[in-house]
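First comes the structure, then the notes that go with it.
Residue numbers (my numbering): 47 to 265.
Following this line, the structure appears as structure tokens:
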């Protein structure tokens with residue numbers, strides 16, 4: 047069964063309570079889609095429709111009511127699914143023409159109550175709170191300890207997260223506020239980190255598109 051989409055707003059979808067999520071990476075896993083959606087109020091189940099070269103992979107998420115589905119559209123619209131893939135377009139979300147059936151293969155149903163307050167906090171921060179810095183294309187040899195020494199003394203520093211990214215590393219640094227993150231940005235411009243052999247590497251730093259405060263879980 048192939049789902050078709052309304053081009054209208056979520057409120058015009060009548061009794062449909064399933065949303066369609068575009069903009070997912072081709073290697074996305076079902077549990078990643080579930081992790082994104084389970085924090086939304088009314089989540090029931092989700093399904094991935096794989097791409098075939100002409101069509102991209104598409105996610106379908108069903109909720110307990112049309113109102114919950116419309117609310118999910120508003121919350122997910124324009125979110126960046128993966129901060130480590132900045133070349134990807136933000137998510138585009140619409141109401142599906144039909145509801146998702148539970149007996150379809152590859153679906154994931156809810157097994158825990160949705161953490162609505164957590165998602166609300168995450169969604170608000172993911173839409174431009176500007177409290178997180180991103181240090182890109184760090185060399186593989188750089189360690190978390192040396193990076194912590196670089197950023198931990200900055201005013202408003204809270205914590206950091208270091209991730210491997212295609213032969214390099216990316217560091218996210220959370221601050222207490224957007225203004226303190228902006229001050230940290232200026233302080234880090236032109237700074238260098240050094241490896242055990244003494245080789246210097248100039249830091250590339252910018253404001254992250256998404257806050258590190260409450261990143262959606264990916265396992």
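A virtual CB, placed ideally from N, CA and C, is assigned to each residue, including glycine.
Can you find the residues in the same chain that come closer than 8 Å, C-beta to C-beta, to residue i, ignoring five residues on each side of it along the sequence?
{"i": "residue 97", "result": "72, 103 and 104"}
{"i": "residue 79", "result": "67, 70, 92, 94, 105, 107 and 154"}
{"i": "residue 188", "result": "215, 239, 241 and 247"}
Kindly identify the DSSP beta-bridge partner or partners of residue i.
{"i": "residue 67", "result": "105 and 139"}
{"i": "residue 178", "result": "220"}
{"i": "residue 238", "result": "248"}
{"i": "residue 205", "result": "220"}
{"i": "residue 211", "result": "214"}
{"i": "residue 184", "result": "215"}
Between the alpha carbons of residue i and residue j, how many angstroms are there, rounded?
{"i": "residue 214", "j": "residue 62", "result": "44 Å"}
{"i": "residue 85", "j": "residue 121", "result": "11 Å"}
{"i": "residue 92", "j": "residue 124", "result": "19 Å"}
{"i": "residue 209", "j": "residue 253", "result": "16 Å"}
{"i": "residue 64", "j": "residue 255", "result": "27 Å"}
{"i": "residue 106", "j": "residue 136", "result": "16 Å"}
{"i": "residue 75", "j": "residue 206", "result": "26 Å"}
{"i": "residue 250", "j": "residue 119", "result": "34 Å"}
{"i": "residue 59", "j": "residue 146", "result": "Residue placement at residue 59 is poorly supported in this model, since its pLDDT is 48, which falls under 50; the coordinates still yield a value, given next. C-alpha separation (whole angstroms): 14 Å."}
{"i": "residue 238", "j": "residue 195", "result": "12 Å"}
{"i": "residue 192", "j": "residue 216", "result": "14 Å"}
{"i": "residue 202", "j": "residue 143", "result": "47 Å"}
{"i": "residue 52", "j": "residue 233", "result": "Summary for residue 52: the model assigns pLDDT 39, below 50, so the residue's position carries little reliability; its value from the coordinates is reported in the next sentence. Each residue's alpha carbon lies about 48 Å from the other."}
{"i": "residue 197", "j": "residue 235", "result": "12 Å"}
{"i": "residue 199", "j": "residue 177", "result": "16 Å"}
{"i": "residue 141", "j": "residue 117", "result": "11 Å"}
{"i": "residue 186", "j": "residue 128", "result": "20 Å"}
{"i": "residue 190", "j": "residue 77", "result": "28 Å"}
{"i": "residue 258", "j": "residue 218", "result": "7 Å"}
Taking 7 Å as the limit between beta carbons, can you name the residues of its chain near residue i, skipping five residues before and five after?
{"i": "residue 88", "result": "109, 110, 111 and 114"}
{"i": "residue 204", "result": "220, 221 and 222"}
If you drop the 5 nearest sequence neighbours on each side, which residues of the same chain put their C-beta closer than 6 Å to that of residue i?
{"i": "residue 139", "result": "65, 67, 119, 122 and 123"}
{"i": "residue 240", "result": "246"}
{"i": "residue 83", "result": "89, 92 and 107"}
(message) Would you call the region 180-190 in contact with the region 224-233, where contact means no fewer than 3 C-beta pairs closer than 8 Å?
(response) Touching, no.
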